[in-house]
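S.K.: In this note's numbering, the protein residues as written are 10 to 499.
Cβ atoms here follow ideal geometry from the backbone N, Cα and C, with glycine treated the same way.
Just so we're clear, the structure is a prediction, and the values are computed from it rather than from any experiment.
Before we start, here is the structure in question, set down as structure tokens.
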């Protein structure tokens, strides 16, 4: 069973998904930093890059967005028998106006990724205004049921009097048991939305937002609420009423699960969510058995190292390693969802001598990842004993949303020792003395560096002063980082 907790404030909305009493996912939306995925813009091509088969598009943001040739709409669906797409320089040109949709938020230094293949999500369906096909969610099981749904949809979307098609649709998982009336209502809503977008597009200048995707609370009701959801609790009466009104119009089956939480304790205190957030930002994750994970996130990939720690509970060493790796597999799947880690992920399980143990750990990892709504791909063990996997990345990780690089170490995780900084200063003074002829050199540095120059390195400083024939004075600057210093010529 699943519980969803929503903590709302004017500046921020936070959502926690609880499964079996444990936090599995955290979602965050800030009023001033709202994500762009799903938004539709009137764009303008500012630069075409044939070497990268991509183009930069101005959609009115601070940084130009990115459009790859693979994300350009094609009349023929890409497939084995169809030719590859034409080069991007033959499809778009600088200054061209394009209707584009954001499919991935900007991450780090990369701009948002765009597509000209427009899709608009509804409660039961996804509308594809440029296509005429009927697709079915792969999570809808039997072939027979899929064909029945396809036949029903074809009848519902067929234009009257044999006219031309007016868009295609993909049935979402929650459309499996929908009635024809519910499907027809969603079709009408999506077509009306698309008509309004097109009308605005004809008049709007480039960089105009034409369609704003649903906010986080509305997406929770549309995408995250299902049959296994016990309740959706929200701590704001005003937002509860607004979400209830939205649900009654578009998702009536989910409205009964909505609850207004009015307890004295903050809603996130019920399940210790704030403590979970702090733990999700830590590098080390302790396992119940005494083992632990070390998670390091870099720009290119994420590494996860499994350690036995103080676990000695099994009968022999092989069993200890196996039990720790099994527990780690469950914890890793949860941490990927909780931290929203994406891209390439390398897992260094503790080396296992027996192949059946390796297979069991891989099976457990895949089993736990099957509960993840985000697409994951897991490879087997490499020759070095590592597990390689990928998890689709569509938005920033929790750490990137909540944190920024340390201003002292600039994200390196370490700084030079005071002695190293002292020697940098001595070399810099010698370099400056060869180029300039001041009356005095003044060193401005942190307290630890100045203290070392006055104590342990005082002999070297005095020797340098004699060598260059100039006095060297010292000044402490409390605000300077341990590595920073300045040499003033007086």
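Buried or exposed: residue 138, going by 16 or more other Cβ atoms within 10 Å of its Cβ?
M.R.: Looking at its Cβ environment, which holds 16 or more other Cβ atoms inside 10 Å, residue 138 is buried.
S.K.: Could you check where the alpha helix (DSSP H) with residue 270 kicks off and where it finishes?
M.R.: Run containing residue 270: none; DSSP gives neither H nor E here.
S.K.: Just mark residue 497 as buried or exposed, buried being the case when its beta carbon has 16 or more other beta carbons within 10 Å.
M.R.: With fewer than 16 Cβ atoms within 10 Å of its Cβ, residue 497 is classed as exposed.
S.K.: With the cut-off set at 8 Å, would you say residue 50 and residue 30 are in Cβ contact?
M.R.: Against a cut-off of 8 Å, the Cβ pair of residue 30 and residue 50 comes out as no contact.
S.K.: So for residue 147, helix, strand or coil by DSSP?
M.R.: Here residue 147 sits in coil by DSSP.
S.K.: For the putative contact between residue 294 and residue 358, defined by C-beta atoms under 8 Å, what is the C-beta separation to the nearest angstrom?
M.R.: Wrong, their Cβ atoms sit about 14 Å apart, outside the cutoff.
S.K.: Is the region 179-188 in contact with the region 145-163, if contact means three or more CB pairs nearer than 8 Å?
M.R.: A contact exists between the region 179-188 and the region 145-163.
S.K.: Identify which residue in 412, 129 and 376 has its Cα closest to the Cα of residue 343.
M.R.: Closest option to residue 343, Cα to Cα, is 376.
S.K.: In chain order, what residues of the same chain have a beta carbon less than 8 Å from the beta carbon of residue 416, not counting five sequence neighbours either side?
M.R.: So the qualifying residues of the chain are 490.
S.K.: Which same chain residues, not among the five before or five after residue 384, have their C-beta less than 8 Å away from its C-beta?
M.R.: Within the same chain, residue 384 has close Cβ partners 400 and 401.
S.K.: Am I right that residue 311 and residue 350 are in contact with their C-beta atoms under 8 Å? What's the rounded C-beta distance?
M.R.: Right, their Cβ atoms sit about 5 Å apart.
S.K.: Locate the alpha helix (DSSP H) running through residue 368, then write down its first and last residues.
M.R.: Counting along the chain, the alpha helix (DSSP H) containing residue 368 begins and ends at 364-378.
S.K.: Work out the CA separation of residue 99 and residue 365 for me, nearest whole Å.
M.R.: Each residue's alpha carbon lies about 54 Å from the other.
S.K.: Which residues share a DSSP beta bridge with residue 220?
M.R.: Residue 220 is bridged to 49.
S.K.: Of all the options 348, 363 and 356, which has the alpha carbon lying nearest to the alpha carbon of residue 330?
M.R.: The shortest Cα separation from residue 330 among 348, 363 and 356 belongs to 363.
S.K.: For a minimum of 3 consecutive residues, which ranges assigned as the beta strand (DSSP E) are wholly contained in the region 373-426?
M.R.: Listed in chain order, the complete beta strand (DSSP E) runs (minimum 3 residues) inside the region 373-426 are 385-390 and 396-400.
S.K.: Once you ignore the five residues that flank residue 420 on each side, which residues in its own chain have a CB closer than 6 Å to its CB?
M.R.: Answer for residue 420: 414, listed in chain order.
S.K.: Quick check: residue 206 and residue 219, are their CB atoms within less than 8 Å of each other?
M.R.: Cβ atoms of residue 206 and residue 219: closer than 8 Å.
S.K.: Which residue comes first and which comes last in the alpha helix (DSSP H) that contains residue 156?
M.R.: 152-166 is the extent of the alpha helix (DSSP H) around residue 156.
S.K.: What does DSSP give as the partner residue(s) for residue 111 in the beta ladder?
M.R.: DSSP, once it has assigned bridges, lists 123 as partnering residue 111.
S.K.: For the 8 Å Cβ check, are there 3 or more pairs between the region 448-458 and the region 471-491?
M.R.: Judged by Cβ distances under 8 Å, the region 448-458 makes contact with the region 471-491, as three or more pairs qualify.
S.K.: What is the rounded straight-line gap between the Cα of residue 261 and the Cα of residue 230?
M.R.: Between residue 261 and residue 230, the C-alpha separation is close to 10 Å.
S.K.: Taking the continuous alpha helix (DSSP H) assigned at residue 82, which residues delimit it?
M.R.: Element bounds for residue 82: n/a, residue is neither H nor E.
S.K.: Compute the distance between the beta-carbons of residue 199 and residue 136, then report whether it is under 8 Å.
M.R.: Closer than 8 Å, so yes.
S.K.: Assuming contact is defined by CB atoms lying nearer than 8 Å, are residue 406 and residue 346 in contact in what I supplied?
M.R.: It is not a contact, given that the beta carbons lie outside the stated cut-off.
S.K.: Using DSSP's beta-bridge definition, name the partner residues of residue 451.
M.R.: DSSP, once it has assigned bridges, lists 482 and 497 as partnering residue 451.
S.K.: Use the C-beta contact count for residue 487: other C-beta atoms within 10 angstroms, 16 or more gives buried, fewer gives exposed.
M.R.: Under this definition residue 487 is an exposed residue.
S.K.: Which value, in whole angstroms, describes the spacing of the CA atoms of residue 43 and residue 430?
M.R.: Cα to Cα, residue 43 sits roughly 42 Å from residue 430.
S.K.: Rounded to whole angstroms, what is the Cα-Cα separation between residue 272 and residue 201?
M.R.: If you take the alpha carbons of residue 272 and residue 201, they lie about 41 Å apart.
S.K.: Suppose you measure from the CA of residue 40 to the CA of residue 18; what does that come to, to the nearest Å?
M.R.: Rounded to whole angstroms, residue 40 to residue 18 spans 9 Å at the Cα level.
S.K.: If residue 387 sits next to residue 13, beta carbons under 8 Å apart, how far is it from one beta carbon to the other, in whole angstroms?
M.R.: With 8 Å as the limit, residue 387 and residue 13 do not qualify as a contact, their Cβ atoms being about 27 Å apart.
S.K.: Taking residue 212 as the reference, which of 184, 15, 108 and 102 has the closest Cα?
M.R.: That would be 108, whose Cα lies nearest to the Cα of residue 212.
S.K.: Determine the direct distance from the alpha carbon of residue 56 to that of residue 78, and round the result to whole angstroms.
M.R.: Each residue's alpha carbon lies about 13 Å from the other.
S.K.: Ordered along the chain, which non-local residues of its own chain (more than five positions away) have a Cβ less than 6 Å from that of residue 267?
M.R.: If we look at residue 267 and ignore the five residues flanking it on each side, its Cβ neighbours are 241 and 253.
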